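Step one of this worksheet: look at the structure below.
Protein chains in written order, with our numbering: chain A, 1 to 159; chain U, 1001 to 1768.
Now the structure itself:
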């Protein structure tokens, strides 16, 4: 065990002043120290992508980043997607296309898809499937996730 | 997305793809999964697990762990010796009892991952550090890793084969003696499992003021687990409550009673602080139930035209280190369901349950059927090849005709007689063939093979089972504001229970879908409940909901009749308003008003038999000769569910189940080295399908054969997407290779495909 550091995490526009060990993962810090439990931990070795958050506009597996590395950066989690009661187009599309069942992998897919479409609004279909194949879902068989992301992409381009 | 439909001006919900009630909180990050639950002053539990597959425990030294600041307790077997082993929930044969698992290993460890000790600390990172300080000395014993080898010794005087499951009927010997031909196969199904994205978790706390023990993180079968925990800890069951939050995937393995659940409860009682345990992924892959692994030696006796005269199957079920809650369920189902949709005049199955030094097994989506469908459909394809007819024709010759329904199989499983309640198997086969355009597909595949491509199609047919009883209770209450609460003993593992139950309640009662709340998985809300397994919830809880809503409706109409001075049979409930029936003019009164301080009704639905949905899978596979990669180009599932309450959810179940079936057919396997060391302990070794591997699926939901066992005709939809995937893909690969019967083992690896291609090319050049 080692001494703790004082850091500030900027999550969805709010500052969280926390004290963590250097080994504390960003995922754990977001969930435990900052109380934002919408980010889920599925494997803790960077394969499943359930813990995907957006750090400085890039999708990041928060189980593979230490909290201290994210200090001062702009972090977005699933809790910050909706605008009050109005859901983000990606959230609505997942609902409309039955893109979730148990919902455990969903926050990771939402953040991955939002971040990719913000960077590449005109991403081709094949590339989109490639990107989505970086996260795991065990319930849906992916087809409805792909449909939802395509629909949200069209909606996001319109805006 | 469809809104409510109309029935003579009255909105209807059943049969429509209503958006799910579950989605809002899950999409906003407001779910409440096990790891999201915290209590003040909680301790964190970490399990110390065996690193040997088999061995005698010499010492377990916890002193160094206890010496760490912040570590509050550590236990070995001696500390929990008073707790009996975990019991059987289903198919619990007496012969299996000595093979049950204690909550910590007693004197031997029997698989890598077997819990040997636990530590409790103020912080989860610290608990993990402390577990590293527990010194475990084990004398290694030879590991038994093959269920098919001669049985060995589980413990002194106990064979590693506790029993053989025997089922059958008819004169099998005579059929084989008189057969025109006998077709024999040896087939293997690999070890894989549900592997939900959420790992297991359990959080217990003891409320001393009310003498109440609570466990959060329950799933699947909270009431049964409550009763067991109460019994094991010597408490009245009224002094234990289990609570299900959101569950990140079930698939059969999550929610069964495991050692860790009992350990957190015991610790909360003994240590006087809440205790939280969240499994990590490595633990999940070596400690939660595995499934599937079987070896079958199967024979069919056939006549000249390929009609089946008898099937004889001997199989070996690789159970792993202990008998867990499912006891003999998986091999029992494999044996009972193997005959599938075919006429089988005589049948015999002998399933050897074998203990091995691997992770213990339990059920996984379509348990016993993924296995036996692979075996039966391989056998049927082999019969087709023997007789020289195509895979469609051989099936048509052997399918049970709808005029024969119902068919008593003279087999029993899960305490019920297997009676196929309804079905038009040939009709569904035709729908599937039409759906995929079979003749055109065959022509196209022939053309492509001619051009040098290795492509082929395969068919798998199957009968599923669903709606296991014996009962389900539902209580519905309307409050003074018109809100409706449906309290069930069901459980939700993410499949959409709230949505489906609300749809049924909305239609029956005549209220708005949005006004209905559905409660599940809370033992303090309803006295008994059987939970979610065996594709039972829509059938059993659904019908109990219909019955309770019917009763409630009667009560509401009777009360309103007095208020409105009209006979109750001239009244109806539409959108929560009690109005004159058939749109007649007149006064109306709100359900809320009638409910006043509360209006409630309860009902139970009892069923002694399961019902039997059925399906057809068609796979089109293309093989890359250089890499051995199998690409699924097309996949069609036709499935008859009797009545689809929510077609969108049924389709979701089918496609999701199919993805898991593809995993077991091509990618997923728990491998071990020759000392029993597990080799599949991360998601980099245990490969699950991604968006790249799952094809677009063509789904035909059919409602030709409503179940006669419940008025709505419901059958379960949870397992039909998984059942025949191994069978269909194996057949498609055979066809692509032009080598009937080439695939005898799942999963099919690229190395194996490459070897087969090489063999085929050698054969072809010899024949030139």
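Beta carbons: idealized from backbone N, C-alpha and C, even for Gly.
Source: prediction; values computed, not measured.
Within chain U, the residues that residue 16 (chain A) reaches when beta carbons sit closer than 7 Å: Residue numbering aside, residue 16 (chain A) sits at position 16 when the first chain is read from its first letter. What residue 16 (chain A) touches in chain U: nothing, since even the nearest Cβ is about 16 Å away.
Could you tell me the distance, in whole angstroms, from the CA atom of residue 1002 (chain U) to the CA atom of residue 1386 (chain U)? Locating residue 1002 (chain U) in the second chain gives position 2, counting from the first residue. Locating residue 1386 (chain U) in the second chain gives position 386, counting from the first residue. Legend: pLDDT at residue 1002 (chain U) = 41, less than 50; position of this residue unreliable, value from coordinates given subsequently. Whole-angstrom Cα-Cα distance: 50 Å.
**Whole-number beta carbon distance between residue 1591 (chain U) and residue 1577 (chain U), since they are thought to touch under 8 Å** = If you number the second chain from 1, residue 1577 (chain U) lands on position 577. If you number the second chain from 1, residue 1591 (chain U) lands on position 591. Contact holds; Cβ gap of about 7 Å.
Using DSSP with H/G/I as helix, E/B as strand and the rest coil, what is residue 1125 (chain U)?
Here the question's residue 1125 (chain U) lines up with position 125 in the second chain. Residue 1125 (chain U) falls in the helix class under three-state DSSP.
query: If you drop the 5 nearest sequence neighbours on each side, which residues of the same chain put their C-beta closer than 7 Å to that of residue 22 (chain A)?
result: Taking the first chain and counting its residues from 1, the one referred to as residue 22 (chain A) is at position 22. Here the set comprises 2, 5, 66, 68.
| task | For residue 144 (chain A), go through chain U and note every residue whose CB falls closer than 7 Å to its CB, in chain order. | result | Walking along the first chain from the start, residue 144 (chain A) turns up at place 144. What residue 144 (chain A) touches in chain U: 1652.
- Roughly how many angstroms lie between the CA atoms of residue 1476 (chain U) and residue 1549 (chain U), to the nearest whole one? Here residue 1476 (chain U) refers to the residue found at position 476 of the second chain. Here residue 1549 (chain U) refers to the residue found at position 549 of the second chain. Looking at the two C-alpha atoms, the distance is approximately 7 Å.
Quiz item: Would DSSP call residue 87 (chain A) helix, strand or coil?
Solution: The sequence position of residue 87 (chain A) within the first chain is 87, counting from 1. Here residue 87 (chain A) sits in coil by DSSP.
Practice problem: With a threshold of 7 Å, establish whether the CB of residue 1569 (chain U) neighbours any heavy atom of the ligand PLP. | Solution: Absence of the ligand PLP is noted for the structure shown, with no ligands found whatsoever.
- Going by DSSP, which residues form a beta bridge with residue 1438 (chain U)? Against the second chain, residue 1438 (chain U) aligns to sequence position 438. Note: residue 1438 (chain U) sits in no beta bridge, so no partner.
Q | Sequence ranges, beta strand (DSSP E) only - wholly within the stretch 1272 to 1345 of chain U, length at least 3 | A | Along the stretch 1272 to 1345 of chain U, the beta strand (DSSP E) occurs as fully enclosed runs of 3 or more residues at 1275 to 1278, 1294 to 1302, 1308 to 1320, listed in sequence order.
query: Whose Cβ in chain U lies nearer than 9 Å to the Cβ of residue 132 (chain A)?
result: Here residue 132 (chain A) refers to the residue found at position 132 when the first chain is read from its first residue. Under the 9 Å cutoff, chain U gives 1690, 1691, 1692.
- Query: Among U:1686, U:1169, U:1641, which residue has its Cα nearest to the Cα of residue 1706 (chain U)?
  - Reply: Here the question's residue 1706 (chain U) lines up with position 706 in the second chain. It is U:1641.
Excluding the 5 residues preceding and the 5 following residue 1694 (chain U) in the sequence, name in chain order all residues of the same chain whose CB lies nearer than 7 Å to its CB. Position 694 of the second chain, counted from the start, is the residue given in the question as residue 1694 (chain U). Excluding positions up to five away in sequence, the list reads 1659, 1662.
Practice problem: Quick one: list the residues of chain A neighbouring residue 1243 (chain U), beta-carbon separation under 7 Å, in chain order. | Solution: Translated into positions along the second chain, residue 1243 (chain U) becomes position 243. In chain order: nothing, as chain A lies at least about 16 Å away.
Next item on the list: Could you check what DSSP says for residue 1646 (chain U) in three-state terms: helix, strand or coil?
Entry: Against the second chain, residue 1646 (chain U) aligns to sequence position 646. In the structure shown, residue 1646 (chain U) sits in coil (DSSP, three-state: anything other than H, G, I, E or B).
**Q.** 8 Å Cβ cutoff, residue 66 (chain A) in contact with chain U
**A.** Numbered from 1 along the first chain, position 66 holds the residue referred to as residue 66 (chain A). No, residue 66 (chain A) does not count as interfacial toward chain U.
Exercise for the section: Just grab the DSSP bridge partners of residue 1678 (chain U) for me. Expected result: Counting from 1 along the second chain, the entry for residue 1678 (chain U) is found at position 678. Per DSSP, U:1672.
List the endpoints of the continuous beta strand (DSSP E) containing residue 1456 (chain U). Counting from one through the second chain, the residue named residue 1456 (chain U) turns up at place 456. It spans 1454 to 1463 - the beta strand (DSSP E) in which residue 1456 (chain U) sits, taken as one unbroken run.
Check: Going along the chain, which unbroken runs of the beta strand (DSSP E) with 3 or more residues stay wholly within the stretch 1153 to 1195 of chain U?
Finding: 1153 to 1155, 1163 to 1169, 1181 to 1189
Considering only the alpha carbon of each residue, which of U:1536, U:1265, U:1507 lies closest to residue 1083 (chain U)?
For the purposes of this step, residue 1083 (chain U) is taken as the residue at position 83 of the second chain. Of all alpha-carbon atoms in U:1536, U:1265, U:1507, the one lying nearest the alpha-carbon of residue 1083 (chain U) is that of U:1265.
Item checked: Own chain residues within Cβ distance below 7 Å of residue 1752 (chain U), not counting five before or after -> Mapped onto the second chain, residue 1752 (chain U) falls at position 752. Nothing meets the Cβ criterion.
Helix, strand or coil at residue 1653 (chain U) [DSSP, three-state]: Your numbering for residue 1653 (chain U) matches position 653 in the second chain. Here residue 1653 (chain U) carries a helix assignment [DSSP, helix/strand/coil].
Considering residue 1223 (chain U), what are the terminal residues of the alpha helix (DSSP H) in which it resides? Translated into positions along the second chain, residue 1223 (chain U) becomes position 223. Where residue 1223 (chain U) is concerned, the enclosing alpha helix (DSSP H) stretches over 1222 to 1232.
Next on the checklist: Any beta carbon of chain A sitting closer than 8 Å to that of residue 1648 (chain U)?
Outcome noted: By one-based count along the second chain, residue 1648 (chain U) stands at place 648. With 8 Å as the cut-off, residue 1648 (chain U) counts as an interface residue toward chain A.
- Message: Can you find the residues in the same chain that come closer than 6 Å, C-beta to C-beta, to residue 1455 (chain U), ignoring five residues on each side of it along the sequence?
- Response: The sequence position of residue 1455 (chain U) within the second chain is 455, counting from 1. If we look at residue 1455 (chain U) and ignore the five residues flanking it on each side, its Cβ neighbours are 1445, 1448, 1622, 1736.
query = If you scan the stretch 1705 to 1762 of chain U from start to end, which runs of the alpha helix (DSSP H) of 4 or more residues do you find wholly inside it?
reply = 1720 to 1723, 1725 to 1737
Query raised in the report: Who are the neighbours of residue 44 (chain A) on chain U, taking C-beta pairs under 7 Å?
Result: Here residue 44 (chain A) corresponds to residue number 44 of the first chain, with the count starting at 1. Neighbourhood of residue 44 (chain A) in chain U, by CB distance below 7 Å: 1280, 1281, in chain order.
message: Can you find the residues in the same chain that come closer than 7 Å, C-beta to C-beta, to residue 1181 (chain U), ignoring five residues on each side of it along the sequence?
response: As a working mapping, residue 1181 (chain U) is identified with position 181 in the second chain. Excluding sequence neighbours, residue 1181 (chain U) sits near 1302, 1386.
Identity of the residue in A:150, A:16, A:13, A:17 nearest residue 92 (chain A) by Cα
Within the first chain, numbered from 1, the residue matching residue 92 (chain A) stands at position 92. Answer by Cα proximity: A:150.
Let me see if you follow: with CB-CB separation under 8 Å, is residue 1376 (chain U) close to chain A or not? For the purposes of this step, residue 1376 (chain U) is identified with residue 376 of the second chain, where counting begins at 1. No, no contact with chain A.
As assigned by DSSP and simplified to three states, the class of residue 1364 (chain U): Start at 1 with the first residue of the second chain, and residue 1364 (chain U) comes out as number 364. For residue 1364 (chain U), the secondary structure class from DSSP, reduced to helix, strand or coil, is coil.
Q: Consider the Cβ of residue 1767 (chain U): report whether some Cβ of chain A lies at a distance smaller than 8 Å.
A: If you number the second chain from 1, residue 1767 (chain U) lands on position 767. No, its Cβ sits nowhere closer than 8 Å to a Cβ of chain A.
- Query: What residues are listed by DSSP as bridge partners for residue 1045 (chain U)?
  - Reply: Taking the second chain and counting its residues from 1, the one referred to as residue 1045 (chain U) is at position 45. Looking at the DSSP output, residue 1045 (chain U) bridges to U:1120.
**Item:** CA-to-CA distance, residue 1394 (chain U) to residue 1531 (chain U), given in whole angstroms
**Value:** Position 531 of the second chain, counted from the start, is the residue given in the question as residue 1531 (chain U). Position 394 of the second chain, counted from the start, is the residue given in the question as residue 1394 (chain U). Those two C-alpha atoms are separated by around 40 Å.
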